[in-house]
Structure formats: C-alpha cells, structure tokens
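Only one structure is covered here, and it is reproduced in the block below.
Number of protein chains: 2
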Amino acid sequence: MFAAMTSQRLPASARRAQLIEVGRAVFAKHGYEATSVEEIAERAKVSKPIVYEHFGGKEGLYAVIVDREMDYVVRRIAESIATGTPRERVEKAALAFLTYVKDHPDGFALLAHDAPQASGRGGMASLLNEVAERVGDVFAASFKSAGYDARAAPIYAHALIGMVTFVGQWWTEARKPPVEEVASHIAALAWMGLRHLPKRPARVKG
Amino acid sequence: MFAAMTSQRLPASARRAQLIEVGRAVFAKHGYEATSVEEIAERAKVSKPIVYEHFGGKEGLYAVIVDREMDYVVRRIAESIATGTPRERVEKAALAFLTYVKDHPDGFALLAHDAPQASGRGGMASLLNEVAERVGDVFAASFKSAGYDARAAPIYAHALIGMVTFVGQWWTEARKPPVEEVASHIAALAWMGLRHLPKRPARVKG
DNA sequence: AACGTAACTTACGCACCCGTAGCTTACGCG
DNA sequence: CGCGTAAGCTACGGGTGCGTAAGTTACGTT
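Chains G and D, in that order, are what the protein sequence lines are. Its first residue numbered -8, the first sequence is counted upward by one per residue in my numbering. Its first residue numbered -8, the second sequence is counted upward by one per residue in my numbering.
Shown next, in the form of structure tokens:
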C-alpha cells in the first residue's frame, strides 16, 4: 500500500495510517510484549518519537490497531449471518471468518496473540475471546429464539467460534484445501454433527 | 504442596520440583515474555542463580514445564478415547479435557498463552495447537477407518479440539455450569450437530 | 571437631527498551 | 525571497531483566 514510497515527508494523517499498517504487521509477528517501538519506527523508515507523537506510545498504537481490527472482523461476520436460513447462516459465518483469515493474515495473527495484561482485566488469553463474545451474542439470540436451552446458548456460541478460529489457525500454516472447502466441512460438522457427516459435502457458494 | 515450608534448604531434586510448580504458576499468569526469572525465584523464596543452576535459564525452565504439561494432557485425553463406541469416545474426550481445565487451571493457562518465538519455528500461536496436532492424530485414524474423506480428517480433528479448548477458556472465567453439563452439550453438538440438538441433553456419566 | 561439598547469596555487567527533551530540516505562503 | 510551522531527528535518562562471578553458610561424614 505504501510500498513504493521513497522515504518522503508525509502529512500527519498519511503517516498515521502507515504506522497503523506497519504496527499491525509487527505486532502480528511478535505479539505485544515482544514487539519494540523501535522496530515499528524502523520499518516505517521513521524515528521513534514520531510514533509517540501520533499515538502516545506503544499501548496507544496497539489499542488503535486492535480496535480497528476487531470492529472489522465482527462487522464482517455479523453481516454474513444477517440473512438466510439457519443453516445458511452457519455456512456463511464460517466462510466469512475463514475468508478473513485468508485475506488478512496479519490481522488474524494479531487477534490470536496474547493481549497485554492491562487489556483484559481478568485473565483474557487472547482477543479472539472477545470476538467470540461479541459474535456469540448474535448467535445466542438465534439459539434462544429457536427454542434451545438458554443456559446452553453461550456454550454453543463459543463452541462454534472455537471451531472456526482453531481451524483458521491451522489453515494459516497448512493452506492446503481452499477456504470454501474448509468452510463447507466446518458448516457440515456444526450443522449435521459427526453422526450424519456426508462423505463429500457440497461446496458452499461464495 | 510446599506451602508449609519454612524457608529451608532443600535437596536438589525437591527444589527442582518446587521451581517447576512455582514456574508453572507464574508463566501461567503472565505468559512467557512478561514473566521474569526474579519473580519465580522470589515466590520460591530463593535467589535467582538457583534457577540458572537447575534449568540453565528462563527458556530451560519453560521448556521443562511445557513438556511435562503437554505430555500430561495428551496422555489423559488419549486414554479417554481409547475405548467405547464412537459417540462415547467423543463424550469422554470432551469431559477429560474440561476436567483438566477445571483441575489444572494453571496448566491450561500456560498452554493457552503465547509460546516464545523460538519454540514453534513458524508462527505457532499457542501450545494448544500442538496439543490439537497430537490428539488430532488419534482422531484422524478413527475418521479414516470410519470411511470419511481423508483430506477432511484434520479439519474435523482441529474443529473438535478447537470447540473444546475455546469453551474451556470461556468456562475458566464463567465457571457457571458444571463441567459434566458443558461436556455433554459439546458432545451433543459434535455428534448430532445443530440440526438435531436436543432441548436438554442427558448428563454424561463421569 | 575439622573438612569437603552441596545449597545458596550478594553484587554486578550488559543489553534492551520505553518515553522525552531539545534541536534541525523541509515546505508552503505572502 | 524569507519566514513560520509542520515533520522529523539525535541523544539521553530511567528502569528492568537476563545471566554470571565470586564469595558465604549449612550439613553430613569421618
């Protein structure tokens, strides 16, 4: 996006945008703790104080990046499950998330890494839990209106999100079957269960 | 376990064991990067060089702890799925893992946190992925012998592990429904799928 | 009781990294 | 052309954390 920039002076807003992009990549690679502000500055061909001028420090930059990324994923999934039959919603949600994993590997890695302790008060392991919480609310509503045990709703919601995020993490390394195929398998498992799994599920239409 | 110790000199093997326990707790709380050797030494009522004498350093201690913990979980799950009907295996595996989460929260937190970069060569986010890999092999064999698409086996394996680990993480904070109930819901979802979920699944027998 | 060894300590060097103070350079506008 | 301001830099203080060197105390053994 800013690849061809030949190390020029940039207006504040552009530099800000660039630092967000670079920061996302670096935080995604090392996690919050192991990332140094210097590395971000270096990769942006800029000196350290610039980062502090724009974001107030390491945590400030991290907060902005995480906030943007989280909103993006959640909105994207929420849109995908807005319409359709129950089963179609499951399929589209899985496909939406896996497509995100494929097209935004940095963002996904960022959310998969440990967050700084200050972020989640208690013992929130990764930001993906918060994504699950937010997406789960939508699912929970569906479950309840479908007549399921209310107490069980969060379990199913987290189970579904867990399935997808975990497979997503695996797929990030394997990259073997195309996302559509993976999504279709996941949806089939979630919907039909192991008991009724077909030998070869049909592709989900993008 | 060593709570009533009144700050005595310990034989090497005992100190070693104590440091492993203390280390597990501290690494579980802060993750690898944010943990300092000093804090471990302090909590063990011992000075820093002792840690270096026994384990060669931060990474050495971490490696030993992770290795023990990983073996413990994997063995425990593997045992639980060794016998029974296919559905019983799914139920028992889920219950085994959730019981582990309940009884060894430190160990689970340790495995859920980011590992040091050196550990997993590529971009292994957490040790739970390695657990999934190892447990997945067992599942994969079952899947293939049951006649499923071979290429789909790892997907299902990771999906199942992801379900359980993610719900486990959620349960760590919520702690609301007893593990047996949670396990039964998960097993029902995995086995029957959303399509055939009962309103109130029967309890899994411990 | 003296001695050797295993357990442990204090003190330090070194490196890294966050965040800031104070100064310099480019660019637009009258 | 020169001046003001936005953009950027070098250099440093403060703090923390890993790992080690050299010295000290308890304990069993003869």
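By construction, the Cβ of each residue, glycine as well, lies at the ideal position given by its N, Cα and C atoms. The model shown is predicted, which means the values in this text are computed figures rather than measured ones.
**Prompt:** Can you tell me the Cα-Cα spacing of residue 15 of chain D and residue 84 of chain D, whole angstroms?
**Reply:** As a first step, residue 15 of chain D must be located in the second sequence, where it is residue number 24. As a first step, residue 84 of chain D must be located in the second sequence, where it is residue number 93. C-alpha separation (whole angstroms): 24 angstroms.
**Item:** the region 82 to 100 of chain G contacting the region 26 to 38 of chain G, beta-carbon criterion three pairs below 8 angstroms
**Value:** no
**Message:** Taking the straight line between their C-alpha atoms, what separation do you get for residue 223 of chain G and residue 182 of chain G?
**Reply:** With chain G covering only -8 through 197, there is no way to say anything about residue 223 of chain G.
**Prompt:** Residues bridged to residue 117 of chain D by DSSP?
**Reply:** By 1-based counting over the second sequence, the position of residue 117 of chain D is 126. DSSP output for residue 117 of chain D lists D:105 as bridge partner(s).
**Request:** Report all residues from its chain with a CB closer than 7 angstroms to the CB of residue 156 of chain D; omit the five preceding and five following residues, and keep chain order.
**Result:** Counted from its first residue, the second sequence places residue 156 of chain D at position 165. For residue 156 of chain D, where only same-chain residues beyond five positions count, the Cβ hits under 7 angstroms are 119.
**Prompt:** Is any beta-carbon of chain D found at less than 9 angstroms from that of residue 44 of chain G?
**Reply:** As a working note, residue 44 of chain G is residue 53 in the first sequence. No, because no Cβ of chain D sits closer than 9 angstroms to the Cβ of residue 44 of chain G.
**Prompt:** Going by alpha carbons, who is nearest to residue 132 of chain G out of G:121, G:147 and G:38?
**Reply:** Walking along the first sequence from the start, residue 132 of chain G turns up at place 141. If we check each option's Cα against that of residue 132 of chain G, G:147 comes out closest.
**Request:** Kindly indicate which three-state DSSP category residue 133 of chain D falls into: helix, strand or coil?
**Result:** For the purposes of this step, residue 133 of chain D is taken as the residue at position 142 of the second sequence. Note: residue 133 of chain D maps to helix in three-state DSSP.
**Message:** What are the residues in the region 164 to 192 of chain D lying within 7 angstroms of chain G by C-beta distance?
**Reply:** 164, 168, 173, 176, 177, 180, 181, 182, 183, 184, 185, 186, 187, 188, 190 and 191
**Same chain, Cβ closer than 6 angstroms to residue 46 of chain G, neighbours up to 5 away in sequence not counted** = In the first sequence, residue 46 of chain G corresponds to position 55, counting from 1. Cβ within range, chain order: 52.
**Request:** List the endpoints of the continuous alpha helix (DSSP H) containing residue 90 of chain D.
**Result:** The residue given as residue 90 of chain D occupies position 99 in the second sequence. 77 to 94 is the span of the alpha helix (DSSP H), which, as asked, contains residue 90 of chain D.
**Request:** Give the DSSP-derived three-state secondary structure of residue 62 of chain G in the structure shown.
**Result:** Within the first sequence, numbered from 1, the residue matching residue 62 of chain G stands at position 71. Helix, per DSSP.
**Asked** Is the region 154 to 172 of chain D touching the region 1 to 14 of chain D, taking contact as three or more C-beta pairs under 8 angstroms?
**Response** no
**Three-state secondary structure (DSSP) of residue -1 of chain G** = For the purposes of this step, residue -1 of chain G is taken as residue 8 along the first sequence, with counting starting at 1. Note: residue -1 of chain G maps to coil in three-state DSSP.
**Prompt:** Which residue from G:56, G:42 and G:176 puts its Cα closest to that of residue 144 of chain D?
**Reply:** For the purposes of this step, residue 144 of chain D is taken as residue 153 along the second sequence, with counting starting at 1. Of the listed residues, the one whose Cα sits closest to residue 144 of chain D is G:176.
**Request:** Determine whether the Cβ of residue 142 of chain D lies closer than 9 angstroms to any Cβ atom of chain G.
**Result:** In the second sequence, the residue the question calls residue 142 of chain D occupies position 151. Closer than 9 angstroms: yes.
**Request:** Tell me, please, whether the region 123 to 141 of chain G touches the region 121 to 130 of chain D by the rule of three or more beta-carbon pairs shorter than 8 angstroms.
**Result:** no
**Asked** Starting from residue 43 of chain G and walking both ways along the alpha helix (DSSP H), at which residues does that stretch end?
**Response** Sequence index remark: in the first sequence, residue 43 of chain G carries index 52 (1-based). From DSSP, the alpha helix (DSSP H) with residue 43 of chain G extends over 39 to 46.
**Request:** Quick one: using the 10 Å Cβ neighbour count with 16 as the cut-off for buried, is residue 123 of chain G buried or exposed?
**Result:** Translated into the one-based positions of the first sequence, residue 123 of chain G becomes position 132. The residue in question, residue 123 of chain G, is buried, as its Cβ has 16 or more Cβ neighbours within 10 Å.
**Message:** Once the 5 residues before and after residue 72 of chain G are set aside, which same chain residues still bring their CB inside 7 angstroms of it?
**Reply:** Sequence index remark: in the first sequence, residue 72 of chain G carries index 81 (1-based). Around residue 72 of chain G: 80, 83, 84 and 129.
**Prompt:** Buried or exposed: residue 160 of chain G, going by 16 or more other Cβ atoms within 10 Å of its Cβ?
**Reply:** Counted from its first residue, the first sequence places residue 160 of chain G at position 169. With 16 or more Cβ atoms within 10 Å of its Cβ, residue 160 of chain G is classed as buried.
**Prompt:** Between the beta-carbon of residue 87 of chain D and the beta-carbon of residue 70 of chain D, is there less than 9 angstroms?
**Reply:** For the purposes of this step, residue 87 of chain D is identified with residue 96 of the second sequence, where counting begins at 1. For the purposes of this step, residue 70 of chain D is identified with residue 79 of the second sequence, where counting begins at 1. Yes; because the gap between Cβ atoms is below 9 angstroms, this pair is in contact.
**Request:** Count the other C-beta atoms from every protein chain shown that fall within 10 angstroms of the C-beta of residue 60 of chain G, then say buried if there are 16 or more, exposed otherwise.
**Result:** Here the question's residue 60 of chain G lines up with position 69 in the first sequence. Residue 60 of chain G should be labelled buried.
**Inter-residue Cα distance where the pair is residue 43 of chain D and residue 68 of chain G** = Locating residue 43 of chain D in the second sequence gives position 52, where the first residue counts as 1. Locating residue 68 of chain G in the first sequence gives position 77, where the first residue counts as 1. C-alpha separation (whole angstroms): 48 angstroms.
**Prompt:** Can you tell which of D:97, D:117 and D:125 has its C-alpha closest to the C-alpha of residue 163 of chain D?
**Reply:** The residue labelled residue 163 of chain D in the question sits at position 172 within the second sequence. Of D:97, D:117 and D:125, the residue nearest in Cα terms is D:97.
**Request:** For the alpha helix (DSSP H) holding residue 26 of chain D, just list the boundary residues, first then last.
**Result:** Counting from one through the second sequence, the residue named residue 26 of chain D turns up at place 35. Element bounds for residue 26 of chain D: n/a, residue is neither H nor E.
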